[in-house]
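Input: a single structure, listed below in structure tokens.
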Amino acid sequence: MVSRAQRTPFAEWWWTVDKLTLAAFGALMLAGVVLSLAASPPVAGRLGLDPFYFVNRHILFLAPTIAVLLGVSFLSPRQIRRLSLIVFFISLTLVALTPIFGAEIKGAKRWLIIFGVNVQPSEFLKPAFVVLIAWLFGESAKRPEMPANSIALALLLVVVALLVIQPDFGQTMLIVLVWSALFYMTGMRVIWVFGIAGLAGFGLVAAYFTVPHVARRIQRFLDPSSGDTFNVDIATESFMRGGWFGTGPGEGTVKRLLPESHTDFVYSVAAEEFGVALCLAIAGLFAFIVIRSLLRAMRNEDGFTRFAAAGLTMLLATQSAINMAVNLRLIPAKGMTLPFISYGGSSMISLAYAMGMLLALTREQPRPAYLRAPEPEPETAAGAA
3 MVSRAQRTPF
13 AEWWWTVDKL
23 TLAAFGALML
33 AGVVLSLAAS
43 PPVAGRLGLD
53 PFYFVNRHIL
63 FLAPTIAVLL
73 GVSFLSPRQI
83 RRLSLIVFFI
93 SLTLVALTPI
103 FGAEIKGAKR
113 WLIIFGVNVQ
123 PSEFLKPAFV
133 VLIAWLFGES
143 AKRPEMPANS
153 IALALLLVVV
163 ALLVIQPDFG
173 QTMLIVLVWS
183 ALFYMTGMRV
193 IWVFGIAGLA
203 GFGLVAAYFT
213 VPHVARRIQR
223 FLDPSSGDTF
233 NVDIATESFM
243 RGGWFGTGPG
253 EGTVKRLLPE
263 SHTDFVYSVA
273 AEEFGVALCL
283 AIAGLFAFIV
293 IRSLLRAMRN
303 EDGFTRFAAA
313 GLTMLLATQS
323 AINMAVNLRL
333 IPAKGMTLPF
343 ISYGGSSMIS
353 LAYAMGMLLA
363 LTREQPRPAY
373 LRAPEPEPET
383 AAGAA
């Protein structure tokens with residue numbers, strides 16, 4: 003048991019970190035292992051690999067994931083800013099190099115092979131970008147003479163341009179949504195709301211007419227008879243097959259039909275084998291983390307900490323909502339993983355980095371001296387008498 007009287011770094015971390023949110027992350031990771039056992043063996047079999055190839059790699063990725071999550075949660079806000087600045091420029095450079103040296107997969111170049119390991123740099127770019135933008139918006143609120151908003155907009159345009167070149171419209175949409183939400187929190191004028199909405203609409207229309215696979219996905223979503231919608235149809239049907247409590251572990255058929263059942267459509271595997279009850283429990287875990295983190299962020303007086311914690315929370319909320327919405331056929335397919343549950347080393351470790359920063363930023367802070375309750379004065383001998 004760790005005593006409150008101890009002043010070690012671990013003791014201070016233990017008594018200030020949000021243990022319930024930490025436990026919720028642990029529950030998501032455990033669900034990821036269980037669903038990897040359910041979803042990945044058929045995928046490995048189709049590729050001629052050992053049945054537990056993806057399961058073993060998923061568990062192997064958990065070690066650095068947990069280490070990064072816990073290690074980053076020890077950092078102070080200043081250390082988080084400095085680390086994010088380094089991670090941002092390294093990942094931005096790698097994202098710029100990806101269209102040149104990356105391997106093309108399904109018409110897009112999003113991956114680099116670094117020391118024999120496939121890495122998706124844009125996954126690490128997202129949380130670092132959010133923290134950097136939160137710092138700029140926080141400085142803008144404190145120092146209006148600083149052109150922080152202009153710098154934030156310039157960084158957004160650079161990041162969006164590099165992601166569109168790959169192309170990766172899912173990550174682009176995610177980053178634009180979080181950036182816009184943070185900008186809204188700073189109190190932007192109504193004209194900016196219409197301007198950003200118009201720019202986003204123009205970008206979507208341009209992507210529809212210039213990028214064939216984007217047009218096909220939108221057309222298939224609006225008119226299923228216009229193309230092959232087998233994957234989405236099967237994913238949606240899995241919720242009806244599973245019912246409330248599922249067909250049982252190993253009894254599902256979705257994983258044998260979907261090529262990405264262990265990544266993009268792992269939520270559908272959960273629906274078929276474990277039922278809608280488990281899907282609601284997973285959605286509830288994400289909702290719990292999001293609501294609790296936003297409430298803790300709102301209580302923080304520091305602008306950077308408040309914006310950064312809110313931005314990282316919205317990053318998690320938006321990514322998980324997009325994945326679940328695709329599985330439910332509420333939006334066109336985006337190729338977005340379900341945080342801590344889908345298979346993918348880059349996704350898991352980058353999310354651990356992001357959520358480690360969230361845990362660090364939402365740790366309990368000591369109350370200022372002027373807010374503390376005054377201590378009672380000791381009674382004098384005369385008063386005692």
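The working numbering puts the first residue of the sequence shown at 3, with every later residue one more than the last. The beta-carbon is built from N, C-alpha and C at its ideal position, and this holds for glycine as well.
- In the structure shown, the three-state DSSP call for A154 is helix.
- Straight across, the Cα-Cα distance linking V207 with G277 is about 38 Å.
- By the CB criterion at 8 Å, L296 and T315 fall inside the cutoff.
- The DSSP-derived three-state label of R112 is strand.
- A110 sits buried, since 16 or more C-beta atoms from the chains shown fall within 10 Å of its C-beta.
- Annotation for V166: T174 place their beta carbon closer than 7 Å to its own, counting only its chain and skipping 5 residues before and after.
- The Cβ-Cβ distance between L127 and L94 falls below 8 Å.
- Secondary structure at N58: helix, using DSSP grouped into helix, strand and coil.
- In the three-state DSSP reduction, N302 falls in the coil class, being neither helix nor strand.
- R308 places its beta carbon less than 8 Å from that of M300.
- Burial check for P261: the Cβ neighbour count within 10 Å stays below 16, so the residue is exposed.
- Between Y345 and S124, the C-beta spacing is not below 8 Å.
- In this structure, the CA atom of G73 is about 17 Å from the CA atom of I88.
- In this structure the stretch 17-34 does not lie against the stretch 240-256, because fewer than three pairs of beta carbons, one per stretch, are closer than 8 Å.
- M326 is the residue among L332, I333, M326, P334 whose C-alpha sits nearest the C-alpha of P341.
- In the DSSP assignment, V180 falls within the unbroken alpha helix (DSSP H) covering 171-187.
- For the pair A310 and V132, the CB atoms are nearer than the 8 Å cut-off.
- In the structure shown, the three-state DSSP call for A40 is helix.
- Here the C-alpha atom of F103 lies approximately 24 Å from the C-alpha atom of S86.
- Looking at A323, V271, Y269, the one whose alpha-carbon comes closest to that of A289 is A323.
- For V19, there is no enclosing beta strand (DSSP E), since its DSSP letter is neither H nor E.
- Taking C-beta separations shorter than 7 Å and ignoring five residues to either side along the sequence, the partners of K336 in its chain run G172, I324, V328, following chain order.
- Between T100 and M350, the CB-CB gap reaches or exceeds 8 Å.
- Between the C-alpha atoms of A26 and M357 there is a straight-line separation of about 11 Å.
- Around the C-beta of E106, fewer than 16 other C-beta atoms lie within 10 Å, and the residue is accordingly described as exposed.
- DSSP places I107 in no alpha helix (DSSP H) but in the uninterrupted beta strand (DSSP E) bounded by 105-107.
- The straight-line gap separating the alpha-carbon atoms of I333 and G305 is approximately 34 Å.
- Residue range 256-259 is occupied by the alpha helix (DSSP H) that includes K257.
- When DSSP reads this structure, V89 sits in no beta bridge, so it has no partner.
- In this structure, K257 places its C-beta atom within 8 Å of the C-beta atom of A40.
- Minimum Cα-Cα distance from G248 among the listed residues L114, L176, A98, S270 corresponds to S270.
- Counted as a single uninterrupted DSSP element, the alpha helix (DSSP H) harbouring Y355 occupies residues 347-363.
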